[in-house]
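In this note's numbering, the protein residues as written are 1026 to 1215.
For glycine and all other residues, C-beta sits at the position ideal for the given N, C-alpha and C.
As structure tokens, the structure follows; a few thoughts come after it.
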Amino acid sequence: MKPFCPESWPEDPTPASEIDCQNCGLYKQGTRMVWGEGNPKAPIMVILDNPGAREDREGNAYVCGTRQTLQQAVHEVGLDKEQIYVTYILKRRPIKKYDKEKTRETCMHRHLDKQLKLQKPKLILCLGNVAVQSFFENTEVEVKGLRGSWHDVKGYQTTVAYHPLAVRRRPNLYKLLVEDLYLVKSKIHE
Ligand code: SF4
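Pasting the structure below:
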């Protein structure tokens, strides 16, 4: 196996029709939209709560901790990055307080539902309680109770795993993230 080296996966540009979206008010916080990254034709769609920064203050590209840990686990289970597309419930990174429930619902229905219809991923991997509760549209569900099996959400085969940032804070979760990616890998090869 090649040694692991984190890298910036190519950004999927925001469609021109959406770039000026002001639907939920989060645009006022000034962070730019990140539509997704990786291969838009990939069979696996990974959904996170919101994008991390892709550039530092000087504008240089860098790979944030979330991406590093996710890529490391992807590498460890032997998935190819071409098999993965990463996107978010929110397309902008919140940096101040906002109305979480309303904003997530607005952004998800305006953008993610369209992405799903267009890209038709074979499988979905939802990372972290925030993304899971938004995508499952149920504030009662948690990664802990859902991981390790498949769920039909909006007609898509969906599984869940801990958020890579939670894994960085609690390194004992890393082996669970790897297990969950093996589950995805086995399904993709069925
Ligand atoms: S977070 Fe989503 S819905 Fe809100 S302004 Fe940004 S793109 Fe539009």
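Not one heavy atom of the ligand SF4 is found less than 8 Å from the C-beta of T1112.
In the DSSP annotation of this structure, C1049 is not part of any beta strand (DSSP E), being labelled neither H nor E. Near the ligand SF4, residues with a Cβ at less than 7 Å from any of the ligand's heavy atoms are E1043, C1046, Q1047, N1048, C1049, G1050, L1051, Y1052, M1058, L1115, K1116, R1117, T1128, T1131, C1132, R1135 and H1136; the list follows chain order.
Exclusion of the five residues before and after G1055 leaves I1120 as the residues of its chain whose Cβ lies within less than 8 Å of its Cβ.
Nearest Cα to Y1187 within the set G1103, P1065 and L1206: L1206.
A buried status is given to A1156, since no fewer than 16 other beta-carbon atoms sit within 10 Å of its beta-carbon. A direct Cα-Cα distance of roughly 17 Å separates L1051 from S1042. A straight line joining the alpha-carbon of Y1123 with that of L1115 spans about 12 Å. With respect to the C-alpha of C1030, the residue from E1062, R1195, Q1096 and D1037 having the closest C-alpha is Q1096. Taking each of V1059, I1069, A1067 and P1068 in turn and checking the Cα distance to P1076, the smallest one comes out for V1059. Taken in chain order, the unbroken stretches of beta strand (DSSP E) that lie wholly in the stretch 1131-1178 and span 3 residues or more are 1148-1152 and 1176-1178. When secondary structure is reduced to three states using DSSP, V1088 falls in the coil class, being assigned neither helix nor strand. Secondary structure note for V1071: it is in no alpha helix (DSSP H), and the uninterrupted beta strand (DSSP E) holding it is I1069 to L1073.
When the Cα atoms are used, S1033 and Y1087 turn out to be separated by approximately 7 Å. With 16 or more other Cβ atoms from the protein chains shown falling within 10 Å of its own Cβ, N1154 counts as buried. With 16 or more other CB atoms across the displayed protein chains lying within 10 angstroms of its CB, P1146 is buried. When rounded, the separation of the alpha-carbon atoms in D1138 and R1194 is 31 Å.
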